[in-house]
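*Asks:* Dropping a structure here in structure tokens format, bear with me for questions.
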Amino acid sequence: MQSTFFTDFLYLTDIKTILFIVVLFALFFVMKQMEKKKVKFSTRMLSATGIGLVLGLLIQVVGGFPDAPLEVPFIAEINKWYGLFANGFMDLLKMLVIPLIFVSIMRVIINMKQGENLGKLTARTLGLLVGTTAIAAMIGLVVGNLFQLGVNSHLVAGEATIREVSSLVDTLRGLLPSNPISAMADGNVVAVVIFAAFLGLATKRQTKKYYDIVKPFIDLVEAFYKIILSVAMTIIKWMPYAVIALLANTIAGRGMAALGEAIDFILVTYIGVALMFVVHLILIALSGLNPFRYVKNVLDALVLAFTSRSSLGTLPVSIEKLTDNVGLDNGTATFVGSLGSNAGMNGCAGIYPALVAITVANMTGTPIDMTFIIMLVIVIALASFGIAGLPGSATMAISVVLSGMGMGEYFPLIAGIIAIDPILDMGRTMLNVNGTLTTAVLVGKSFNKIDQDVYYGRKQVVTEE
Amino acid sequence: MQSTFFTDFLYLTDIKTILFIVVLFALFFVMKQMEKKKVKFSTRMLSATGIGLVLGLLIQVVGGFPDAPLEVPFIAEINKWYGLFANGFMDLLKMLVIPLIFVSIMRVIINMKQGENLGKLTARTLGLLVGTTAIAAMIGLVVGNLFQLGVNSHLVAGEATIREVSSLVDTLRGLLPSNPISAMADGNVVAVVIFAAFLGLATKRQTKKYYDIVKPFIDLVEAFYKIILSVAMTIIKWMPYAVIALLANTIAGRGMAALGEAIDFILVTYIGVALMFVVHLILIALSGLNPFRYVKNVLDALVLAFTSRSSLGTLPVSIEKLTDNVGLDNGTATFVGSLGSNAGMNGCAGIYPALVAITVANMTGTPIDMTFIIMLVIVIALASFGIAGLPGSATMAISVVLSGMGMGEYFPLIAGIIAIDPILDMGRTMLNVNGTLTTAVLVGKSFNKIDQDVYYGRKQVVTEE
Amino acid sequence: MQSTFFTDFLYLTDIKTILFIVVLFALFFVMKQMEKKKVKFSTRMLSATGIGLVLGLLIQVVGGFPDAPLEVPFIAEINKWYGLFANGFMDLLKMLVIPLIFVSIMRVIINMKQGENLGKLTARTLGLLVGTTAIAAMIGLVVGNLFQLGVNSHLVAGEATIREVSSLVDTLRGLLPSNPISAMADGNVVAVVIFAAFLGLATKRQTKKYYDIVKPFIDLVEAFYKIILSVAMTIIKWMPYAVIALLANTIAGRGMAALGEAIDFILVTYIGVALMFVVHLILIALSGLNPFRYVKNVLDALVLAFTSRSSLGTLPVSIEKLTDNVGLDNGTATFVGSLGSNAGMNGCAGIYPALVAITVANMTGTPIDMTFIIMLVIVIALASFGIAGLPGSATMAISVVLSGMGMGEYFPLIAGIIAIDPILDMGRTMLNVNGTLTTAVLVGKSFNKIDQDVYYGRKQVVTEE
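Protein chains in written order, with the working numbering: chain A, 1 to 465; chain B, 1001 to 1465; chain C, 2001 to 2465.
Written as structure tokens, this is what we have:
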């Protein structure tokens, strides 16, 4: 059925669609009241998450828990209209990614003090990202085995095609900014980081001898940085509203039957995510910072990652929380955040492929011996770097890892898992973002760049709108 | 037959092609003489229109009024070479659109005085655009019925495919700048306006506290604005030359037989356009300004719209005329102009779909009762907003409107109309631009932002080249 | 066989692949030692060329001179890993092209002194580029006839499709920047030059009356120019390393059997290239400059062109050599360089199509009379302008020229030549770049803009990193 401009309106004659749109606006009004009463931002975010969850379930109830909710006309229509607010908000956040990264990376390099070292910063960041991914893979292995994923599989085999995976060499070359403008237009984050780093380094070098000539460029970078941060703050203010629509849409769009079949896998995934989360907190604690305070500081970013399922879209919020609440300098925050949204994703490239590999091994009777385990951890750690910057990273990651383990032909077995992917993706994305945030905190701590007065809330560094 | 680089030159051995290229250059020389003798720009524009019309007819005469002129080799070749000047000029104008909009919108917002309101400006602009489109639809309905379009149809049914129409929700999301660089590269005007507005608002906000930091950005916006306007003036100077080639090409390329068959439709369309034009003038008069003076002030933009059939390409000229001749401030002119080239097109989305709907209804015996009429006006008014920013807007509009009226399957009936589309498009585009200009004048007047000394020619505000 | 991330690593178990990667790093170390011992840059470039050649041959030896080297797994893998350095370096150079051209062209125009003339500069540049291409075509004709190319053809006819060639008019319009941002994203050099020229001219014009307003823009152009040149110097320093990998890859990837079959054609091509090179030197000498000194001055650019086979990638190096070693002002260097990388390519659009046309004529018994010769030179000279800015310019050029000579259907006959294209492309690209460099020197000399103290090494103008 062709959906046209006009049919959008015709469907609105379905009273249920209109009703749920009215409900959404009513909830927006509630959020607005909370904002006016100066309820704390984090509280409003958590409230929005609860409201979104209930709203999503309510839509399912009204629809009679259909097997394929998005084929029920009124749910499909609600999904579209909610999406306007949910995805529209994410679009605005994504709008900031390229300008923010470009200008922040230049700025951090230009302002680097004598003795500071870009190479060291990069090495520590990548090391921590890959290291935590390897730990995540091991956790995936352990829980996957404990719960015997796939042994009595309910998952129905279906059709699924392995996406063509480009080789590591091609991937690495794809990250180079052979045309910086098209890299920006394509949203190639790493290429933009590299180009900005070259410009920043050159600017810093010229500053010594030709300060007067390059000063207008430096001033412009500062000015634009101030402005783009201010835009970010404006948009971030709307986050609680968007979270309601984001979460309601994810919950409402999933068939309960599909959920039921994959319930083991969902449970084990979230157990793994929780365990890895604890590992992150332990790492924070080992660095000498209070892990509970850490959670409080970055909570908003985690909630957005969970509800939006977009690491990249969460990036502006992550940077803001690291700067304003954690007390990390903005440059390091942007640098680690940019790399972390492209490499070493703990959830998508760590736990998830490990769980899938265990499942497939159990389904096909592949013995899970020491060789299998060691090889799996190595493959995952390497792949977590190799699939950097590619879209649909989780599915890509399992495809790479299964191929790497010589189990590529079993890909269709996991079609049942892919059907409920968005539910898994919420936890995975949150873990990705938390891995990046943890890395940023650890790297920042190792360079002694975290203002503990800010971290512990004794001083306020609020980026102004 | 494959047209290659070399065949371009081979065809030139056709004496008629060479002759008409020489004629074009001779006419350029005449225009140059007029320029040297300081003949007024508007006079030169009107002369160029007359010359282009005669030249186009002359080519038709030499070709013996063929049914499909562009399949006659020498006319096809002339068309190509004339197109080099015609479309080359339009390309240069289009080159300015994105930079001009980006910098002007930022500038208008940064320079907004206390108490001014971007929301009000947007609301009034969109209201007037949609309102005038609804009036245009009604005029289309009335004249279409009066002249009984399609009752004794000569139009031969042919093949035409309905382009897939995206839903309103998707359209709205497509307007958001999820990546500002790719929005610029794709020429997504509304997304650029939104991104520039965010930047402008943030800059204005930061000005209060951090004036020194953001000043370099503000200064750069001012500098670039001055420069891009100067580029615009340089290119606009060449307009009379391009108009000759533009109009000659449109006239020469249309088959007289096709024109004859659709002569009723052409006549009624232009009667509708003329009536709506009168409505625009009445609106101007009601606002307290002299409508004849208005026509004089914006004449050049109307002539370019008529001959070029490109609302977007005309935008730099529209903005210049509103600024230099009407006395509107440049910011408001750019803002209204940008929105008007994307929403509420009086011609393409107002009169034209109404006429087509009446024609199809008469051809198929659909009763044109009150329900039909009310529904048509509502559908058109909504669609005029919904199809914003999409290319090929007129064909898109009729496709949307016919689908909306439940007459989508009759689309092939109007193939005969589509064959002569460029002839209709001249009037339609002029009406689009006049709708936007009228809206700009009315909005400007309502905010008391029109310098009447400029409007009435008592003071000169000439943008310098 | 699907090459995945993981198989990259599996293949490394082939000891030969690992060995040759180790060899490459060892050679990098040798180059580093030469750098530390302050061996001159040109010497290091020539050493790298020799090393690359030997390394490529060595790979062939180890592979047993296979017919299709890139189908031998270990050579294919080496090729990939070497390519990471070779093409990665070229990517970084290409990254600079658009920003460098954009800012340099604006700068040269803004800084033009009274009495200087952009039109004259353009005319002389294009005239020399097309003129030298015509000479190159004649040389191709002469040597092709002398060596009776194609008379006893070993070339096996194969399949090859003629790419659709767009007409001259369409090509010219494609060069116009109808959207400057997408022109930048697409790497459309001429469109960027035109847009930058418009901005530069407008800035210069406004400088007289509104210096204070446009000054921030001018200052920013100066600052960014300084910075982007500094980035260029950083990347150019790595050139000797890349040259080893670039050349080794080209040599290693060609089948000896294919080379043998086309050995006549290769020899004659390189004889033609050498003769044309002499013509360039004679032109330099006629202008009153020492041609041997010229070679010394631009050697690095020629070596990079030869090994990288990318005119555009060589552009930043060409500009640097013209500025630092030849003593030409950077503005003229950039201007001529930009046009020269898009029009009048002596190798790709001059000698090569002439040789191919002679070969095809001999193979098919087409008489090579005076008409043929005159027509061929004219077609080539025109085409050298017409195919400006199109990718794959050499194959495009022969397709255009064969079509222009009415021999389009014989295109499949030259499939054997296309198989060894990279070997020919090295000489061709070097000649393209040398044609551009010669043009730059001649144009610079005619405007008296070459600092002879720099040219003759009596003064150093070293662009700082």
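Note that beta-carbon positions come from the ideal geometry of N, C-alpha and C, so glycine has one too.
Taking Cβ positions only, does Leu-1084/B come closer than 8 Å to chain C?
*Replies:* Counting from 1 along the second sequence, the entry for residue 1084/B is found at position 84. Closer than 8 Å to some Cβ of chain C, the Cβ of Leu-1084/B qualifies, so yes.
*Asks:* Is the segment 211 to 225 of chain A touching the segment 71 to 80 of chain A in the sense that three or more CB pairs, one from each, lie closer than 8 Å?
*Replies:* They do not touch, by the three-pair rule.
*Asks:* Does any residue of chain C bring its CB to less than 8 Å from the CB of Ala-185/A?
*Replies:* Within the first sequence, the letter at position 185 stands for residue 185/A. Ala-185/A counts as touching chain C.
*Asks:* Please state whether DSSP places Ile-1368/B in a helix, a strand or coil.
*Replies:* Position 368 of the second sequence, counted from the start, is the residue given in the question as residue 1368/B. The answer is coil: DSSP assigns Ile-1368/B none of H, G, I, E or B.
*Asks:* Nearest CA to the CA of Met-2112/C: which residue from Val-2326/C, Met-2370/C, Gly-2200/C and Gly-2340/C?
*Replies:* Along the third sequence, one-based indexing puts residue 2112/C at 112. Among Val-2326/C, Met-2370/C, Gly-2200/C and Gly-2340/C, the Cα nearest to that of Met-2112/C belongs to Gly-2200/C.
*Asks:* Please compile the residues from chain A whose C-beta is within a distance smaller than 9 Å of the C-beta of Asn-1111/B.
*Replies:* Taking the second sequence and counting its residues from 1, the one referred to as residue 1111/B is at position 111. The premise fails here: Asn-1111/B is roughly 15 Å from chain A at the closest Cβ pair, so nothing lies under 9 Å.
*Asks:* Could you compute how far the alpha carbon of Ala-2274/C sits from the alpha carbon of Val-2303/C?
*Replies:* As a working mapping, residue 2274/C is identified with position 274 in the third sequence. As a working mapping, residue 2303/C is identified with position 303 in the third sequence. Looking at the two C-alpha atoms, the distance is approximately 15 Å.
*Asks:* Cα separation between Leu-2121/C and Ile-1018/B?
*Replies:* Stepping through the third sequence from its first residue, residue 2121/C is reached at position 121. Stepping through the second sequence from its first residue, residue 1018/B is reached at position 18. Approximately 29 Å, taken between the alpha carbons.
*Asks:* Contact defined as beta carbons within less than 8 Å: I believe Gly-1064/B pairs with Leu-1355/B. What is the distance between those atoms, to the nearest angstrom?
*Replies:* Along the second sequence, one-based indexing puts residue 1064/B at 64. Along the second sequence, one-based indexing puts residue 1355/B at 355. Incorrect: roughly 32 Å between the Cβ atoms, too far for contact.
*Asks:* Is the Cβ of Thr-2203/C closer than 8 Å to any Cβ of chain B?
*Replies:* Taking the first residue of the third sequence as 1, we reach residue 2203/C at position 203. It does: the Cβ of Thr-2203/C has a partner Cβ on chain B nearer than 8 Å.
*Asks:* Less than 8 Å between CB atoms is the rule here; does Ile-194/A satisfy it with respect to chain B?
*Replies:* Indexing the first sequence from 1 puts residue 194/A at position 194. No, Ile-194/A lies away from the interface with chain B (no Cβ there is under 8 Å from its Cβ).
*Asks:* Within 8 Å of any Cβ in chain C, is that where the Cβ of Gly-1064/B sits?
*Replies:* The residue labelled residue 1064/B in the question sits at position 64 within the second sequence. Not an interface residue.
*Asks:* Looking at the C-beta of Ile-1213/B, does it have a partner C-beta in chain A at a distance below 8 Å?
*Replies:* The residue you call residue 1213/B lines up with position 213 of the second sequence. Output row for Ile-1213/B: interface = yes.
*Asks:* Nearest CA to the CA of Val-2192/C: which residue from Pro-2177/C, Gly-2340/C and Ala-2252/C?
*Replies:* As a first step, residue 2192/C must be located in the third sequence, where it is residue number 192. Checking every option, the nearest Cα to that of Val-2192/C belongs to Pro-2177/C.
*Asks:* Name the one or two DSSP bridge partners that Ile-2450/C has.
*Replies:* Taking the third sequence and counting its residues from 1, one reaches residue 2450/C at position 450. According to DSSP, Ile-2450/C bridges with Leu-2328/C.
*Asks:* What does Ser-1178/B touch in chain A if you count any residue whose Cβ is under 7 Å from its own?
*Replies:* Residue 1178/B sits at position 178 when you count from the first residue of the second sequence. Residues of chain A passing the Cβ test: Asp-91, Lys-94 and Met-95.
*Asks:* Give me the Cβ distance between Leu-2299/C and Pro-2291/C, rounded to the nearest whole Å; I'm assuming they're in contact under 8 Å.
*Replies:* Translated into the one-based positions of the third sequence, residue 2299/C becomes position 299. Translated into the one-based positions of the third sequence, residue 2291/C becomes position 291. So it is not a contact: roughly 13 Å between Cβ atoms.
*Asks:* Using the Cα positions of Leu-1514/B and Ala-1301/B, report the straight-line distance between them to the nearest angstrom.
*Replies:* Absent from the structure is residue 1514/B, since the part of chain B shown begins at 1001 and ends at 1465.
*Asks:* Taking the alpha carbon of Gly-52/A as the reference point, which residue from Leu-220/A, Ala-248/A, Leu-146/A and Ser-287/A has its own alpha carbon closest?
*Replies:* Here residue 52/A corresponds to residue number 52 of the first sequence, with the count starting at 1. Cα-wise, what sits closest to Gly-52/A is Ala-248/A.
*Asks:* Would you call Thr-1429/B buried or exposed, if buried means 16 or more other Cβ atoms sit within 10 Å of its Cβ?
*Replies:* Numbered from its first residue, the second sequence carries residue 1429/B at position 429. Thr-1429/B should be labelled buried.
*Asks:* To which residues of the same chain is Gly-255/A closer than 7 Å at the C-beta, ignoring the five residues directly before and after it?
*Replies:* Mapped onto the first sequence, residue 255/A falls at position 255. Cβ neighbours of Gly-255/A beyond the five flanking positions: Pro-66, Asp-67, Ala-68 and Pro-69.
*Asks:* Count the other CB atoms, across all protein chains shown, that sit within 10 Å of the CB of Thr-1963/C; report buried if there are 16 or more and exposed otherwise.
*Replies:* Here chain C covers residues 2001 to 2465 and nothing more, so residue 1963/C does not appear.
*Asks:* In chain B, which residues lie with their C-beta within 7 Å of the C-beta of Pro-2216/C?
*Replies:* Translated into the one-based positions of the third sequence, residue 2216/C becomes position 216. Here the neighbours are Pro-1216, Asp-1219, Leu-1220 and Ala-1223.
*Asks:* Just the C-alpha distance for Ile-2162/C and Gly-2406/C, rounded to the nearest angstrom, thanks.
*Replies:* Residue 2162/C sits at position 162 when you count from the first residue of the third sequence. Residue 2406/C sits at position 406 when you count from the first residue of the third sequence. Reliability of the predicted coordinates at Ile-2162/C is poor, the pLDDT of 40 falling under 50, and the value obtained from them is presented with this limitation in mind. Using only the alpha carbons, I get a separation of about 13 Å.
*Asks:* Under the three-state reduction of DSSP, which class applies to Lys-459/A: helix, strand or coil?
*Replies:* Indexing the first sequence from 1 puts residue 459/A at position 459. Three-state result, Lys-459/A: coil.
*Asks:* Can you tell me whether Ile-271/A is helix, strand or coil according to DSSP?
*Replies:* Translated into the one-based positions of the first sequence, residue 271/A becomes position 271. In this structure, Ile-271/A counts as helix in the three-state DSSP scheme.
*Asks:* Would you mind telling me which residues of chain B sit closer than 9 Å to Arg-2173/C, beta carbon to beta carbon, in chain order?
*Replies:* Taking the third sequence and counting its residues from 1, one reaches residue 2173/C at position 173. What Arg-2173/C touches in chain B: Gly-1083, Leu-1084, Asn-1087, Gly-1088 and Asp-1091.
*Asks:* Quick one: give me the first and last residue of the alpha helix (DSSP H) that Thr-1043/B is part of.
*Replies:* For the purposes of this step, residue 1043/B is taken as residue 43 along the second sequence, with counting starting at 1. Taken as a continuous stretch (DSSP letters only), the alpha helix (DSSP H) holding Thr-1043/B covers 1041 to 1063.
*Asks:* Taking Cβ-Cβ distances shorter than 8 Å, what residues in chain A pair up with Thr-1372/B?
*Replies:* Walking along the second sequence from the start, residue 1372/B turns up at place 372. Strictly speaking, residue 1372/B in this sequence is Phe, with Thr absent from that position. Within 8 Å Cβ-Cβ: nothing; Phe-1372/B doesn't reach chain A, min ~14 Å.
*Asks:* Under a Cβ-count criterion, where at least 16 other Cβ atoms within 10 Å of its own Cβ denotes burial, should Phe-6/A be classed as buried or exposed?
*Replies:* Indexing the first sequence from 1 puts residue 6/A at position 6. Per-residue confidence for Phe-6/A stands at a pLDDT of 48, beneath the threshold of 50, marking its modelled position as unreliable; the derived number appears in the next sentence. Looking at its Cβ environment, which holds 16 or more other Cβ atoms inside 10 Å, Phe-6/A is buried.
*Asks:* Inspect the CB distances between the segment 2119 to 2136 of chain C and the segment 2344 to 2353 of chain C and report whether three or more fall short of 8 Å.
*Replies:* Cβ pair count under 8 Å is three or more, so yes.
*Asks:* According to DSSP, is Val-2032/C helix, strand or coil?
*Replies:* For the purposes of this step, residue 2032/C is taken as residue 32 along the third sequence, with counting starting at 1. It is Lys, not Val, that sits at residue 2032/C in the sequence shown. In the structure shown, Lys-2032/C sits in a helix (DSSP, three-state: H, G or I).
*Asks:* Comparing the C-beta of Ser-104/A with each C-beta of chain C, is any distance below 8 Å?
*Replies:* In the first sequence, counting from the first residue as 1, residue 104/A sits at position 104. Judged by the 8 Å Cβ criterion, Ser-104/A is not in contact with chain C.
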